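Peer 1: Residue numbers (the numbering used here), protein chains in the order written: chain A, 339 to 568; chain B, 1067 to 1803.
Questions regarding the structure given below will be posed in turn.
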Amino acid sequence: MKFGVIVFPGSNCDHDAFYAASHNLGQPTEYIWHDSRSLGDVDAVILPGGFAYGDYLRCGAIARFSPVMQAVQRFAAEGGLVLGICNGFQILVEAGLLPGALIRNRGLKFICRELRLRVATTHSPFTGALHEGQVLRLPIAHGEGCYFAEPRTLDELEAEDRVAFRYLDNPNGSLRDIAGILSRERNVMGMMPHPERASDPLMGSADGLGVFQSMLAAVEAARPVAGVRP
Amino acid sequence: MSTIAITPDLIAQHQLTTGEYQKIVEILGREPTYTELGIFSVMWSEHCSYKSSRLHLKKLPTRGKLVVQGPGENAGIIDIGGGYVIAFKIESHNHPSFIEPFQGAATGSGGILRDIFTMGARPIAVLDSLRFGRLDDPKTGARNRRILSGVVAGIAHYGNCFGVPTVGGECIFEPCYDGNPLVNVFALGVCRKEDVFYAKAAGIGNPVIYVGARTGRDGIHGASMASAEFTEESKQKRPNVQVGDPFMEKLLLEACIEAMHTGAIVGIQDMGAAGLTCSTCEMGSRGEVGIEIELDKVPQRETGMTPYEIMLSESQERMLLVAAGGREQEVYQVFRKWGLEAVEIGKVTGDGKLRVRHHGNVVAEIPNRELADEAPLYDRPHTAPPAAPTVPPTEWNQPAIVAALPRLLSAPDICSKRWIWEQYDYQVRTNTIAGPERCDAAILRIKETGTAIALSLDGNGRYAYLSPREGAQLAVAECCRNLSTVGAQPVAATNCLNFGNPERPEIMAQLVEAIEGMSDACRFFETPITGGNVSLYNETLGEGIYPTPVLGIVGLLKIAAPLTIPFVNAGRAVVLLGGLGTCDDVRFGSTEYAKEIVGSLWGLPPALDLEREKRVQETMRQIAAGGLAESAHDLSDGGLAVALAECCFGARQIGAQVDLNSDLRPEILLFHEAPSRILVSTANPKAVLGLAAQHGVEAAVIGTTIENGLEIRQRGNTLGAWEIAALRPAYENALMG
């Protein structure tokens, strides 16, 4: 399986996502520059954390206009796996690939902290290798990670089993403790916690590797059929 | 040429003495132009020239078998094996952080990060050493809280966006930092040994290229501002503080590293203090060549800037580089890819001069070497450091031990700094094996070599005030001890010397004695100083700060699970390596107990025996290497009782019961701060004591870890017993609670 990691100017978790996919998971991985019009032959694409374009306006608001996002939109529409982590989640929301918004943390401060997440669904290519209700230890590092959406959207997310992760100790005021969500077709996921930072026991937790292992399993299972249909 | 007349007033405004002005006239063989006067004034400022400290800094050890680059470049460089090196340095940004805390601290971080990547090394760690006034002071507390919040937010903003983890540091509160906070930021980067770049111009005719942000009027005379005492008018210098753009810096980092790999770059230096002036003349001087630039070509953010303003601007996120002639396009292509401006502004020349043109006319022409390296050097008179009271106050307010411990745990210097470090991304780049407050030192893996490094920053102004010489030695010892406690071998150091006005002989005496003390200790521990920073004139309205030498030391170790502070299992032996130590009333005056509970400062810092310290550290490293310890924590601020309590604050809240065999008065026994002591919990006390005996180190099993609570006895009598759940909030919630 081949991963692509998108590099926006200001991405700063691109190397970490690359390392988790290539080194911790052991899969071929390549960087995709933000002005690329195509994603090449990757099986899954990761939008990494960071401060794309400086995020001086609103997180992800500029990045969504990046040329590569058109390719990501097409890739997602064709069923390709798209994982947005932290700033990547913010960009996916701005791009309309996921519903809702990520606003300032309730405490108005940036928070870097290891915390517990509950796996809310295993019915997705990002969580298939995890167990329903499993508690993961993953770090967060964000200033604007409070998940917000109108009640109808939240109800819909829950009714369609599209909440992927919930915080056990909600750090940022996210509505309904939501830490990660899936698209309707379940092939796009955004999450504020950083699985790539918890993919090696030396970093204190390897619980995040399960997300990448799930993606690998989903892609392998879908072969030799072209594209991925969960 | 400029038409502004050079008057004695104008010279004084530029903080140049008559003697210094005479020297300028001698060097030029004529009166300087206004632009030249400005150029000399920043290059010869204390901040850039180290004119008061240079003579004494020469005493510091700077060589060692791992040192690739010592002082004199943008950062020191150490060989870590496997074909890789690390570049690191500490810098102060004290004055700007008082005037505008957020931007002052942010640009301080930006400056030191550029110093690292200008050498070709990608920054992988930041630590910060901070000093503020008391947060609970009825008069200044509110302002101090605002400064603290602003500084922390500034460091967080810059480092988090840039993508470097802030993995540790220290933060101390004293009234003497009320009007003069200290913001010292350490940064470290890694690169292949053959990829190191130097700030040296070479090759006559080679293009001089300006890259990064445009030049504006911000920060003009920042270096001179940092070289004067604070007065009420200082607040009006807010426009002298620059504004940082970490996104621009991130682009600059990526573009510079990529451009360096093209092989088309000859030399590169960041534009920090004194901006374009410093980068041109220093690169020229190091390469023994001249540099000629045309200011019309300098990208400018504002219209109508004068040559004086362009040369002295300290706009951030700018770099100057010399490319190999004919290969400019390779450089431009990389910077274009990253959306950055790169413009040829001049050429390397053979005449050794910095020649500055504006609209084609020469506005400054100064020999590089004289400007950069022949700054005045002062042997300022030094007498004896100011004396502190030698004896304790007659009446001590002595609370019961059971009440004293939680009070100390909630003291601002001792309590958890989680409020600060959770605002920093301490994990980005996924190398952080141990981040803030997990171990005595921060530990990072180096992916490229498969090894690890440990980092610690330490300084104690109270110790240094009572004895600058011993205080500096204690800082070196503590810093090395922190590294040894996690099993790392200390190898090299950087220093930040924060002092008052060197023109006062008693302050100069503090500086001289601290440098000499540091020099002896660094020689003894074989941790050469590879670079650093001196910040003088840390005074506001005539009130000086405590002399505050801060050390940043780097250690090397193998990759392994970290040896953390908290007890891990019940039923383990608690060993005090180095013994209970001794302390008299005089040496007790420097402790946190004296500060927080007696409310006073007197006497001398704790006595340090360097030989003994070294043996304790060697023993500790062997304990760590042998996997004999489950936890380890050195004794520092607050002494034995505070260290024991901190060991109880793990996830499982394992406590301890100890019994101390000593004649010392209980408050001295529990809270004295004699160095060279480390608490270890172990399932194998025999082996630990055996190693200690081999090294001639005093060590004793003082107790056992238990499931619940902390109990301390002295020869069977209980001095105090606490529920951990009751002690912990005092420690966890004190800061900004």
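From the three backbone atoms N, C-alpha and C, an ideal C-beta is built for every residue, glycine too.
Source: prediction; values computed, not measured.
1) What beta strand (DSSP E) runs, 3 residues minimum, are completely inside the stretch 1434-1501 of chain B?
2) Run down chain A in chain order and give the residues with a C-beta less than 8 Å from the C-beta of residue 1194/B.
3) On the criterion of 16 or more Cβ atoms from any shown chain inside 10 Å, does residue 556/A qualify as buried, or is it exposed?
4) According to the Cβ coordinates, are residue 1144/B and residue 1557/B closer than 8 Å?
5) Residue range of the beta strand (DSSP E) that residue 505/A falls in?
6) So, is the C-beta of residue 1317/B closer than 8 Å to a C-beta in chain A?
7) Would you kindly check if the distance between the Cβ of residue 1359/B and the Cβ of residue 1274/B is under 8 Å?
8) Using alpha carbons as the reference points, say which of 1450/B, 1611/B, 1152/B lies closest to residue 1258/B.
9) Show which residues of chain B have a CB atom less than 7 Å away from the CB atom of residue 535/A.
10) Can you tell me which of the three DSSP states residue 347/A falls into?
11) Around the Cβ of residue 1615/B, are there at least 16 other Cβ atoms within 10 angstroms (buried) or fewer (exposed)?
12) Can you name the residues of chain A whose CB is closer than 8 Å to the CB of residue 1511/B?
13) Candidates 523/A, 496/A, 368/A: which alpha carbon is nearest residue 515/A's?
14) May I ask you to list the residues that DSSP assigns as paired with residue 1765/B?
15) Alpha carbon to alpha carbon, how far is residue 1687/B from residue 1549/B? Give it in angstroms, no decimals.
16) Name the two residues that bound the continuous alpha helix (DSSP H) containing residue 1653/B.
17) Are residue 1658/B and residue 1432/B closer than 8 Å when you measure CB to CB?
18) Rounding to the nearest angstrom, what Cα-Cα distance links residue 1491/B and residue 452/A in this structure?
19) In chain order, what are the residue ranges of uninterrupted beta strand (DSSP E) at least 3 long that sit wholly in the stretch 1592-1616 of chain B?
20) Using a Cβ-Cβ cut-off of less than 8 Å, give me the residues of the stretch 1603-1630 of chain B that come near chain A, in sequence order.
21) Which chain B residues sit within Cβ distance under 7 Å of residue 531/A?
22) Assuming residue 1330/B and residue 1393/B make a contact with CB atoms under 8 Å, what is their CB distance in whole Å?
23) Helix, strand or coil, according to DSSP, for residue 1161/B in the structure here?
24) Specify, as a first and last residue, the run of the alpha helix (DSSP H) that residue 1167/B falls within.
25) In angstroms, rounded to a whole number, what distance separates the CA positions of residue 1071/B and residue 1361/B?
26) Against chain A, does residue 1227/B count as a neighbour if the rule is that its beta carbon must be under 8 Å from one of theirs?
27) What are the boundary residues of the alpha helix (DSSP H) that includes residue 356/A?
28) Measuring CA to CA, which of 553/A, 560/A, 558/A is closest to residue 383/A?
29) In terms of residues, what are the limits of the beta strand (DSSP E) holding residue 1313/B?
30) I think residue 1154/B touches residue 1252/B, with their Cβ atoms under 8 Å apart; what is that distance to the nearest whole Å?
31) Beta-carbon within less than 6 Å of residue 363/A's beta-carbon, same chain only, minus the 5 sequence neighbours each way: which residues are those?
32) Closer than 7 Å by beta-carbon distance: list the chain A residues that pair up with residue 1488/B, in chain order.
33) When the Cα atoms are used, what is the spatial distance from residue 1119/B to residue 1600/B?
34) Determine the burial state of residue 403/A: buried for a count of at least 16 other Cβ atoms within 10 Å of its Cβ, exposed for fewer.
35) Can you tell me whether residue 1316/B is buried or exposed, with buried defined as 16 or more other CB within 10 angstroms of its CB?
36) Cβ of residue 1551/B within 8 Å of Cβ of residue 1700/B?
Peer 2: According to the structure data:
1) 1498-1500
2) In the second sequence, the residue the question calls residue 1194/B occupies position 128. Neighbours of residue 1194/B on chain A: none; closest Cβ ~14 Å, over 8 Å.
3) Working through the first sequence from its first residue, we reach residue 556/A at position 218. Classification for residue 556/A: buried.
4) Locating residue 1144/B in the second sequence gives position 78, where the first residue counts as 1. Locating residue 1557/B in the second sequence gives position 491, where the first residue counts as 1. It is a contact, given that the beta carbons lie within the stated cut-off.
5) One-based indexing of the first sequence puts residue 505/A at position 167. DSSP places residue 505/A in the uninterrupted beta strand (DSSP E) bounded by 501-505.
6) Your numbering for residue 1317/B matches position 251 in the second sequence. At least one chain A Cβ lies under 8 Å of residue 1317/B.
7) Your numbering for residue 1274/B matches position 208 in the second sequence. Your numbering for residue 1359/B matches position 293 in the second sequence. Going by C-beta atoms, residue 1274/B is nearer than 8 Å to residue 1359/B.
8) For this step, residue 1258/B is matched to residue 192 along the second sequence. It is 1152/B.
9) Taking the first residue of the first sequence as position 1, residue 535/A is located at position 197. Within chain B, the residues near residue 535/A are 1493, 1496.
10) Mapped onto the first sequence, residue 347/A falls at position 9. Residue 347/A falls in the coil class under three-state DSSP.
11) Position 549 of the second sequence, counted from the start, is the residue given in the question as residue 1615/B. Flag for residue 1615/B reads buried.
12) As a position in the second sequence, residue 1511/B is number 445, starting the count at 1. The answer, in chain order, is 540.
13) For the purposes of this step, residue 515/A is taken as the residue at position 177 of the first sequence. Per the Cα distances, 496/A.
14) Looking up residue 1765/B in the second sequence gives position 699. Residue pairing from DSSP places residue 1765/B in a beta bridge opposite 1643/B.
15) Counted from its first residue, the second sequence places residue 1549/B at position 483. Counted from its first residue, the second sequence places residue 1687/B at position 621. Roughly 9 Å separates the two Cα atoms.
16) Working through the second sequence from its first residue, we reach residue 1653/B at position 587. Membership of residue 1653/B in the alpha helix (DSSP H) is indicated by the continuous run 1651-1654.
17) Residue numbering aside, residue 1658/B sits at position 592 when the second sequence is read from its first letter. Residue numbering aside, residue 1432/B sits at position 366 when the second sequence is read from its first letter. No, these two residues do not count as a Cβ contact at 8 Å.
18) The sequence position of residue 1491/B within the second sequence is 425, counting from 1. The sequence position of residue 452/A within the first sequence is 114, counting from 1. Each residue's Cα considered, the two are about 11 Å apart.
19) 1595-1601
20) 1625, 1627
21) Locating residue 531/A in the first sequence gives position 193, where the first residue counts as 1. Result: empty, since nearest Cβ-Cβ is about 11 Å, beyond 7 Å.
22) Taking the first residue of the second sequence as position 1, residue 1330/B is located at position 264. Taking the first residue of the second sequence as position 1, residue 1393/B is located at position 327. Their Cβ separation, rounded to whole angstroms, is 4 Å, which keeps residue 1330/B and residue 1393/B in contact under 8 Å.
23) Counting from 1 along the second sequence, the entry for residue 1161/B is found at position 95. Helix.
24) If you number the second sequence from 1, residue 1167/B lands on position 101. 1167-1183 is the extent of the alpha helix (DSSP H) around residue 1167/B.
25) Taking the second sequence and counting its residues from 1, one reaches residue 1071/B at position 5. Taking the second sequence and counting its residues from 1, one reaches residue 1361/B at position 295. Cα to Cα, the separation comes out at about 22 Å.
26) Mapped onto the second sequence, residue 1227/B falls at position 161. So yes, residue 1227/B belongs to the interface.
27) What you label residue 356/A is simply residue 18 of the first sequence in a count that begins at 1. Start and end: 352-357.
28) By 1-based counting over the first sequence, the position of residue 383/A is 45. Selected option, being the one with the closest Cα: 553/A.
29) Counting from 1 along the second sequence, the entry for residue 1313/B is found at position 247. Per DSSP, residue 1313/B is not a residue of any beta strand (DSSP E); the alpha helix (DSSP H) it occupies stretches across 1312-1328.
30) As a first step, residue 1154/B is located in the second sequence; it is residue number 88 there, counting from the start. As a first step, residue 1252/B is located in the second sequence; it is residue number 186 there, counting from the start. 7 Å between Cβ atoms; contact.
31) In the first sequence, the residue the question calls residue 363/A occupies position 25. Taken in chain order, the residues that qualify are 550.
32) On the second sequence, residue 1488/B is found 422 positions in, with the first residue counted as 1. Result: 449, 450, 451.
33) Position 53 of the second sequence holds residue 1119/B. Position 534 of the second sequence holds residue 1600/B. In a straight line, the C-alpha of residue 1119/B is about 8 Å away from that of residue 1600/B.
34) Counting from one through the first sequence, the residue named residue 403/A turns up at place 65. With fewer than 16 Cβ atoms within 10 Å of its Cβ, residue 403/A is classed as exposed.
35) Position 250 of the second sequence holds residue 1316/B. By the 10 Å Cβ count, residue 1316/B comes out buried.
36) For the purposes of this step, residue 1551/B is identified with residue 485 of the second sequence, where counting begins at 1. For the purposes of this step, residue 1700/B is identified with residue 634 of the second sequence, where counting begins at 1. In contact: residue 1551/B and residue 1700/B (Cβ atoms closer than 8 Å).
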